[in-house]
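Trainee:
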Amino acid sequence: MPEPVKKIRGKAAPLEIDDVDTDQIIPAQFLKVLTRKGLGAYLFYRWRFDEEGRPKEGFVLDRPEFRDATILVAGRNFGIGSSRENAVWALMDYGIRCVIASSFGDIFYGNSVKNGLLCIRLEDERVKSLRAEAAKGGLFLDIDVEAEKITMPSGEVIKFSLEPAVKKWLLEGLDEIEATIRGYDEKIREYENRMSHFKMPRKDVLHTE
Amino acid sequence: MGRTVFEKIWDDHVLAKRGEDQYLLYVDRHLTHEVTSPIAFESLRAQGRRVRRPDLTFAIMDHNVPTVDRALPVRDQHSREQMKALARNARDFSLTLFDYFSPWQGIVHVVGPELGLTVPGITLVCGDSHTSTHGALGALAVGIGTSEGMHVFATQSIWLKKPKLMEVRYEGVFPSHTTPKDAILYTIRELGTGGMIGHVAEFRGDAVKRMSAEERMTICNMAIEGGARTAIVEPDEKVYSYIEGTPYAPSGEDWEEAKRYWDTLKTEHDARYDKSYTLNVSGLEPQITWGTNPAMCIGVSENVPEPSQFDDASQRRAAERALSYMGLKPGQKIEGTPVDAVFIGSCTNARLSDLILVARLVKGRRVSPNVRAMIVPGSMLVKRRAERLGLHRVFLESGFDWRNSGCSMCIAMNEDRLGQGERGVLTSNRNFENRAGPGSRVHLASPLTAAATAVEGRIADPRRYSLASIDELELEWTSPWLERNILKPLRGG
Numbered sequence: 002m003p004e005p006v007k008k009i010r011g012k013a014a015p016l017e018i019d020d021v022d023t024d025q026i027i028p029a030q031f032l033k034v035l036t037r038k039g040l041g042a043y044l045f046y047r048w049r050f051d052e053e054g055r056p057k058e059g060f061v062l063d064r065p066e067f068r069d070a071t072i073l074v075a076g077r078n079f080g081i082g083s084s085r086e087n088a089v090w091a092l093m094d095y096g097i098r099c100v101i102a103s104s105f106g107d108i109f110y111g112n113s114v115k116n117g118l119l120c121i122r123l124e125d126e127r128v129k130s131l132r133a134e135a136a137k138g139g140l141f142l143d144i145d146v147e148a149e150k151i152t153m154p155s156g157e158v159i160k161f162s163l164e165p166a167v168k169k170w171l172l173e174g175l176d177e178i179e180a181t182i183r184g185y186d187e188k189i190r191e192y193e194n195r196m197s198h199f200k201m202p203r204k205d206v207l208h209t210e
Numbered sequence: 012m013g014r015t016v017f018e019k020i021w022d023d024h025v026l027a028k029r030g031e032d033q034y035l036l037y038v039d040r041h042l043t044h045e046v047t048s049p050i051a052f053e054s055l056r057a058q059g060r061r062v063r064r065p066d067l068t069f070a071i072m073d074h075n076v077p078t079v080d081r082a083l084p085v086r087d088q089h090s091r092e093q094m095k096a097l098a099r100n101a102r103d104f105s106l107t108l109f110d111y112f113s114p115w116q117g118i119v120h121v122v123g124p125e126l127g128l129t130v131p132g133i134t135l136v137c138g139d140s141h142t143s144t145h146g147a148l149g150a151l152a153v154g155i156g157t158s159e160g161m162h163v164f165a166t167q168s169i170w171l172k173k174p175k176l177m178e179v180r181y182e183g184v185f186p187s188h189t190t191p192k193d194a195i196l197y198t199i200r201e202l203g204t205g206g207m208i209g210h211v212a213e214f215r216g217d218a219v220k221r222m223s224a225e226e227r228m229t230i231c232n233m234a235i236e237g238g239a240r241t242a243i244v245e246p247d248e249k250v251y252s253y254i255e256g257t258p259y260a261p262s263g264e265d266w267e268e269a270k271r272y273w274d275t276l277k278t279e280h281d282a283r284y285d286k287s288y289t290l291n292v293s294g295l296e297p298q299i300t301w302g303t304n305p306a307m308c309i310g311v312s313e314n315v316p317e318p319s320q321f322d323d324a325s326q327r328r329a330a331e332r333a334l335s336y337m338g339l340k341p342g343q344k345i346e347g348t349p350v351d352a353v354f355i356g357s358c359t360n361a362r363l364s365d366l367i368l369v370a371r372l373v374k375g376r377r378v379s380p381n382v383r384a385m386i387v388p389g390s391m392l393v394k395r396r397a398e399r400l401g402l403h404r405v406f407l408e409s410g411f412d413w414r415n416s417g418c419s420m421c422i423a424m425n426e427d428r429l430g431q432g433e434r435g436v437l438t439s440n441r442n443f444e445n446r447a448g449p450g451s452r453v454h455l456a457s458p459l460t461a462a463a464t465a466v467e468g469r470i471a472d473p474r475r476y477s478l479a480s481i482d483e484l485e486l487e488w489t490s491p492w493l494e495r496n497i498l499k500p501l502r503g504g
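Here it is as structure tokens:
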């Protein structure tokens, strides 16, 4: 169950690549885990480490001025591809609390909400200018989820908007399973009682080992 | 205003609405595999919860499994542990499991339809983005994350935002050697990787109606690469025939009742879409990707782009980066580029009809000595059916490696992978950087383009190769299912 997300203040790092797929956020070899802890070490692994696991130079998050960044300003279609929730766990374990982009992969976006990673959609041009600002280094942003606004160091305010359900989720850090069971168990039972027999998989199937 | 097939199934499953845009839907079928499930099961244990409907939940090992002889030990320790964890979880939570040794093991998106776990009109979820594949049978199928999977385990329901509707219309007749894979690659090339974000893609039009159930699975499978939340095709007799008599499909009176219900799942003529796209496939040529996402794609006779031809700075940068990663020169011809490997496999193109296409091209020909060519059937049932027909002899005689089923080189979580800088033509769905192994260079294409490439040792235009007729394949043993669904349509019946 995620912690409530109300305000984020942090340094922004620019990621000047469009179409960042979840394979890049965390490669498949790091999906062979039975726990979600420690995945931050593998964030953007192929961009940050060579085949022998030695650090490569130059990836934005490894540059001294961005090492402590907690906000990522990306491009278009961030988080497309595989449904791996490990991508969100890796970003959060690394310390990223917010990703700003002009669009997100649907499954990634949903996974982010569930875990309390704030994803902000802004217009393409807005994202570009923010990324250019971030690239100068030392751009601290104040993000207010309730007010749906980003405040720049200059005092300039950028408004964003969240779907009401997403906003509520982030602000409250809901235990969704508990909430569904408490609020909707009867509805679920009703469906099960009227579910046509033909919609269920046959039960008389013989299995051979 | 009439409803679409998607809206009809959606409405039939909505349990409740929360806020403006969140709907709780009942989940009729939950498929799960060894990679995205262990943490969900651990959390269930930690919270003392059970799987609400084990009878609607099925577990399959596919992502990690080796495709070599199953008598050999699983060498990769982490793969083995994840596989064993799934076996333990299936036992502890009383789920039906198709494990490494099951005759019904295979890639979850191949197994669901072929066992009749996937049927029209149901909601189906799986912790895998390519769950959109099941939409080809007229199911409402969505790929989900691990947290959502846990919610489904515990409540047999899922909160979803209602996606927008997009019609993707294919009209016309495919030219010879051009396939549904080429149509979906071309569509993603035109719309971009984000072109369908937030939408469910409903494939329709004459060309889709003419497609077999398996061909529809190929296009629905890849809709996710265009950003679609999922994909769907309205069910018809071809779909009914595909699942009739399969182990889990309804039978007897249930079957008749099911068909009456499925017949109501048609998109009405005055249904409206938020977005529309039409492609006339008559003028299409075989497509192949040149870059590092599926939208970076060209016709096999075209040249790879010059970055300078993109007006947009970030597209220009992406093209430069992709060309450098792929080891291609701006503006070069793609055809004739030497390759190291060819992979026929994955949930996109490893069903029986795909394997028959490959056999028709390679029959009597040899794989180039410079190429490692492997066929990884989509499931062990696909493998047995291919062997029943005698296709494996065609493959082995031409020099293909004939393996067991799994996700294999598509995701490279087992030993099947490309080496650093190696180039392969794959029939799968993703050409992302490092996807088939660190430094791998992946070109996505149809089974025919991949087969022609295997023969030539270089990226090849399949249109230069004659295809053996079905009779020339000298198929051995057949079965009513194969006759009805695969062979009769191929014979033009």
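Taken in order, these protein sequences are the chains called Y and U.
Okay, so the first sequence: first residue is 2 according to our numbering, each after it adds one.
Okay, so the second sequence: first residue is 12 according to our numbering, each after it adds one.
Beta carbons are placed, not taken as given, at the ideal position from N, Cα and C, and that holds for glycine.
All values reported here derive from a predicted model rather than from experimental measurement.
#1: Give the secondary structure of Met177 (chain U) by DSSP, where H, G and I count as helix, E and B as strand, and everything else as coil.
#2: Hey, would you say Ala352 (chain U) sits closer than 9 Å to Val387 (chain U), going by beta carbons?
#3: Taking C-beta to C-beta, are Glu213 (chain U) and Val16 (chain U) nearer than 9 Å?
#4: Buried or exposed for Lys33 (chain Y), please, with buried defined as at least 16 other CB atoms from any protein chain shown within 10 angstroms of its CB.
#5: Could you name the residues that DSSP lists as bridge partners for Thr5 (chain U)?
#6: What does Tyr37 (chain U) touch in chain Y if you count any residue whose Cβ is under 9 Å from its own?
#7: Classify Asp24 (chain Y): buried if its beta carbon has 16 or more other beta carbons within 10 angstroms, exposed otherwise.
#8: Helix, strand or coil: which one does DSSP assign to Cys418 (chain U)?
#9: Quick check: Lys286 (chain U) and Met233 (chain U), are their CB atoms within less than 9 Å of each other?
#10: Using a Cβ cut-off of 8 Å, pull out every chain Y residue sitting near Glu92 (chain U), in sequence order please.
#11: For Phe112 (chain U), which residues of its own chain have a beta-carbon under 7 Å away from its beta-carbon, when the five flanking residues on both sides are left out?
#12: Is there at least one Cβ from chain Y nearer than 9 Å to Asp66 (chain U)'s Cβ?
#13: Please check if any C-beta of chain Y sits within less than 9 Å of the C-beta of His41 (chain U).
#14: Along chain Y, which residues have their Cβ under 9 Å away from the Cβ of Glu483 (chain U)?
#15: Using 9 Å as the limit for Cβ to Cβ distance, is Ile81 (chain Y) near chain U?
#16: Taking buried to mean at least 16 other C-beta atoms within 10 Å of its own C-beta, is Ala101 (chain U) buried or exposed?
#17: On a CA-only basis, which of Y:Gly117, Y:Arg68, Y:Thr36, Y:Asp94 is nearest Leu140 (chain Y)? Give me that one, please.
#18: With distances taken from CA atoms, which of U:Leu498, U:Gly417, U:Arg327 is nearest Pro114 (chain U)?
#19: Measuring alpha carbon to alpha carbon, tell me which residue in U:Gln320, U:Thr129, U:Gly450 is nearest Ala269 (chain U).
#20: Listed in chain order, which residues of the region 126-143 of chain U have Cβ atoms closer than 9 Å to some Cβ of chain Y?
#21: Quick one: what's got a C-beta closer than 8 Å to Ala370 (chain U)'s C-beta in the same chain, skipping five residues either side?
#22: Between Thr229 (chain U) and chain Y, is any beta-carbon pair separated by less than 9 Å?
#23: Measuring alpha carbon to alpha carbon, tell me which of Y:Asn194, Y:Phe31, Y:Asp51, Y:Leu16 ends up nearest Gly138 (chain Y).
#24: Can you confirm whether the region 154-168 of chain U touches the region 52-62 of chain U when touching is taken to mean that 3 or more C-beta pairs between the two stretches lie within less than 8 Å?
#25: How many angstroms separate the CA atom of Val63 (chain Y) from the CA atom of Phe45 (chain Y)?
#26: Can you find a CB in chain Y that lies within less than 9 Å of the CB of Val179 (chain U)?
#27: With DSSP as the reference, identify every bridge partner of Gly338 (chain U), one or two as the case may be.
#28: Does His74 (chain U) come out as helix, strand or coil in the three-state DSSP assignment?
#29: Please give the ranges of any alpha helix (DSSP H) in the region 131-193 of chain Y, keeping only runs that are unbroken, at least 4 residues long and fully inside the region.
#30: Looking at the C-beta of Ile121 (chain Y), does it have a partner C-beta in chain U at a distance below 9 Å?
#31: If the criterion is Cβ atoms closer than 9 Å, does the pair Arg327 (chain U) and Ser319 (chain U) meet it?
#32: In or out: Gln431 (chain U) buried (at least 16 other Cβ within 10 Å) or exposed?
#33: If I measure Cβ to Cβ from Glu125 (chain U) and keep anything under 7 Å in the same chain, skipping five residues before and after, which residues do I get?
#34: Taking the alpha-carbon positions, what's the Phe199 (chain Y) to Ile235 (chain U) distance?
#35: With H, G and I counted as helix, E and B as strand and the rest as coil, what does DSSP make of Pro491 (chain U)?
#36: Considering just the uninterrupted stretch of the beta strand (DSSP E) at Val350 (chain U), what are its terminal residues?
Mentor: Judging by the given coordinates:
#1: In the three-state scheme derived from DSSP, where H, G and I count as helix and E and B as strand, Met177 (chain U) is classed as strand.
#2: Contact annotation: Ala352 (chain U) and Val387 (chain U) have beta-carbon atoms that are not nearer than 9 Å.
#3: Closer than 9 Å, so yes.
#4: With 16 or more Cβ atoms within 10 Å of its Cβ, Lys33 (chain Y) is classed as buried.
#5: Here chain U covers residues 12 to 504 and nothing more, so residue 5 (chain U) does not appear.
#6: Near Tyr37 (chain U) (Cβ distances below 9 Å), the residues of chain Y are Lys188, Ile189, Tyr192, Glu193, Met196.
#7: So Asp24 (chain Y) counts as buried.
#8: Look at Cys418 (chain U) here: in three-state DSSP terms it is coil, with no helix or strand label.
#9: Going by C-beta atoms, Lys286 (chain U) is not nearer than 9 Å to Met233 (chain U).
#10: Within 8 Å Cβ-Cβ: Lys33, Leu35.
#11: Only Arg81 meet the Cβ criterion.
#12: Interface residue, yes.
#13: Closer than 9 Å: no.
#14: Going along chain Y, no residue has its Cβ under 9 Å from Glu483 (chain U), so there is no contact; the nearest lies around 35 Å.
#15: By this cut-off, Ile81 (chain Y) is an interface position.
#16: Ala101 (chain U) is buried by the Cβ-count criterion.
#17: Across the set Y:Gly117, Y:Arg68, Y:Thr36, Y:Asp94, the C-alpha of Y:Arg68 shows the shortest separation from the C-alpha of Leu140 (chain Y).
#18: When only C-alpha atoms are compared, the closest one is U:Gly417.
#19: Minimum Cα distance to Ala269 (chain U) is reached at U:Thr129.
#20: Leu126, Gly127, Leu128, Val130, Gly132, Ile133, Cys137, Gly138, Asp139, Ser140, His141, Thr142: these are the residues of the region 126-143 of chain U whose beta carbon lies less than 9 Å from some beta carbon of chain Y, given in chain order.
#21: Leu402, Val405, Phe406, Ala479, Leu484.
#22: For Thr229 (chain U), the answer is no, since every Cβ of chain Y falls outside 9 Å of its Cβ.
#23: Across the set Y:Asn194, Y:Phe31, Y:Asp51, Y:Leu16, the C-alpha of Y:Leu16 shows the shortest separation from the C-alpha of Gly138 (chain Y).
#24: Yes, the region 52-62 of chain U is in contact with the region 154-168 of chain U.
#25: A small fix is needed here, since residue 63 (chain Y) is Asp in this sequence, not Val. Taking the straight line from one Cα to the other gives about 11 Å.
#26: Taking Cβ atoms only, chain Y never reaches closer than 9 Å to Val179 (chain U), which makes this a no.
#27: Partner(s): none; Gly338 (chain U) has no beta bridge.
#28: Three-state result, His74 (chain U): coil.
#29: Listed in chain order, the alpha helix (DSSP H) runs fully inside the region 131-193 of chain Y are 165-173, counting runs of at least 4 residues.
#30: Chain U contact via Cβ: absent.
#31: Yes, the Cβ-Cβ distance between Arg327 (chain U) and Ser319 (chain U) is below 9 Å.
#32: Residue environment analysis places Gln431 (chain U) among the exposed positions, since fewer than 16 neighbouring C-beta atoms fall within 10 angstroms of its C-beta.
#33: Excluding residues within five positions, the ones whose Cβ falls inside 7 Å are Thr257, Ser390, Leu392.
#34: The C-alpha of Ile235 (chain U) is placed about 29 Å away from the C-alpha of Phe199 (chain Y).
#35: Three-state result, Pro491 (chain U): helix.
#36: First-last for Val350 (chain U): undefined, no H or E at that position.
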